[in-house]
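In terms of the numbering used here, the sequence shown has 232 at position 231, counting the first letter as 1, and numbering is strictly consecutive.
C-beta atoms are modelled at their ideal positions from N, C-alpha and C, and glycine is treated no differently.
This report concerns only the one structure given below.
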Amino acid sequence: PFDPPSAPPLKLKRHAVREGGRMPSENELRKIRYDFFEKVRKENKFDLIAVAHNQDDQAETILMRLIRGSGLLGLRSIRPKNNLLVRPLLNVSRKEIVSYLKENKLKYRIDKTNKESKFLRNKFRNKLIPLIEREYNPKAKETLANSASSIADDYDFIFQSAQIIFKKINFDAEKNIYSFDSKKLARNHRALQKQILRRIISNLKNNLFDIESAHLDEIIKIIKSDKNKSQSMKFKGLKITKKGDIIHIGIEK
Numbered sequence: 002p003f004d005p006p007s008a009p010p011l012k013l014k015r016h017a018v019r020e021g022g023r024m025p026s027e028n029e030l031r032k033i034r035y036d037f038f039e040k041v042r043k044e045n046k047f048d049l050i051a052v053a054h055n056q057d058d059q060a061e062t063i064l065m066r067l068i069r070g071s072g073l074l075g076l077r078s079i080r081p082k083n084n085l086l087v088r089p090l091l092n093v094s095r096k097e098i099v100s101y102l103k104e105n106k107l108k109y110r111i112d113k114t115n116k117e118s119k120f121l122r123n124k125f126r127n128k129l130i131p132l133i134e135r136e137y138n139p140k141a142k143e144t145l146a147n148s149a150s151s152i153a154d155d156y157d158f159i160f161q162s163a164q165i166i167f168k169k170i171n172f173d174a175e176k177n178i179y180s181f182d183s184k185k186l187a188r189n190h191r192a193l194q195k196q197i198l199r200r201i202i203s204n205l206k207n208n209l210f211d212i213e214s215a216h217l218d219e220i221i222k223i224i225k226s227d228k229n230k231s232q233s234m235k236f237k238g239l240k241i242t243k244k245g246d247i248i249h250i251g252i253e254k
């Protein structure tokens, strides 16, 4: 733990985020926070950004994503390290953290908005998870957090296996198009097919925003189709065509 007397003074900065009377979504507020953290890191030439996500946050996240219908990528939930971002308290419960603070007579603050149920996460934190702990599993938060860790291991294996196949896929840098033999890709497990498609789409769009499992299922239908005639589909700014056995995926023009 950090030694408070030797810690640098706390700096706060206010941001006006309400535009036209509209309150930003949780995702928009999160982006504002992390953009600010990254700015501070660069200005001070820090190596890493450490944030205080804990085991309770992990449990809330995996449960929220499970109910929303996330795949393995989303169910990995909060990762201990993402590039320059580290979460050293991810395996420590909120109860343990508060106990440590009290035992060592350390001052701390609790965000009063944590008790407001207008945000979805707070509904899970203050209502759903306590209900699950009372009625079904008193160690629900620990169980959920452990599940996220197990899912992350499974996802990493699929990701690494998909990487080997992805490196063999042809990319035309001039046209910004990926091309591959549909029959060869179809021989792989469906989980690998989806992971490879995610990698292709992510490279083309620089993100996977709004790309759902249903979209990948539609591409796989074309990949596995026995129709001899050319096929094509468009969605989310992408164009997928099949000519013979060859699939082409690029940006819609």
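Let me check one thing: in DSSP terms, what residues is residue i bridge-paired to?
i, result
"Ser-70", "In the sequence as presented, Ser is not what sits at residue 70; that position holds Gly. None, per the DSSP bridge assignment."
"Asn-83", "Leu-86"
"Ser-180", "Asn-171 and His-249"
"Ala-192", "DSSP lists no partner for Ala-192."
DSSP state of residue i, grouped into three classes?
i, result
"Ser-151", "helix"
"Phe-3", "Any reading at Phe-3 needs caution, since the residue's pLDDT is 43, under 50, leaving its predicted position unreliable; the model's value is listed next. Reduced to three states, the DSSP call for Phe-3 is coil."
"Leu-239", "strand"
"Ile-202", "helix"
"Asn-127", "helix"
"Ala-163", "helix"
"Ala-51", "strand"
"Lys-140", "coil"
"Lys-32", "helix"
"Lys-116", "helix"
"Lys-244", "strand"
Report the residue from the options whose alpha carbon sits nearest the alpha carbon of residue i.
i, options, result
"Gly-238", "Ser-226, Gln-232 and Lys-254", "Lys-254"
"Met-65", "Asn-28, Gln-161, Ser-180 and Arg-122", "Arg-122"
"Lys-40", "Asp-58, Gln-56 and Lys-14", "Lys-14"
"Glu-143", "Glu-175, Glu-136 and Gln-59", "Gln-59"
"Asn-55", "Lys-96, Phe-125, Phe-38 and Asn-127", "Lys-96"
For the alpha helix (DSSP H) that residue i lies in, which residues bound it at each end?
i, result
"Ile-247", "From DSSP, Ile-247 is part of no alpha helix (DSSP H) but of the beta strand (DSSP E) over 247-252."
"Phe-47", "Counting along the chain, Phe-47 falls outside any alpha helix (DSSP H), and DSSP gives it neither H nor E."
"Val-99", "95-104"
"Asn-123", "121-124"
"Lys-222", "214-225"
"Arg-110", "Looking at the DSSP string, Arg-110 is not in any alpha helix (DSSP H), and its letter there is neither H nor E."
Whether or not the stretch 33-45 and the stretch 110-117 are in contact is what I'm after, with contact meaning three or more pairs of Cβ atoms, one per stretch, closer than 8 angstroms; do they touch? no
Would the stretch 220-240 and the stretch 175-190 be scored as touching if the rule is three or more Cβ pairs under 8 angstroms? yes
Could you tell me whether the stretch 63-79 touches the stretch 26-40, where touching means 3 or more Cβ pairs closer than 8 angstroms? no
Is the stretch 78-92 in contact with the stretch 50-63, if contact means three or more CB pairs nearer than 8 angstroms? yes
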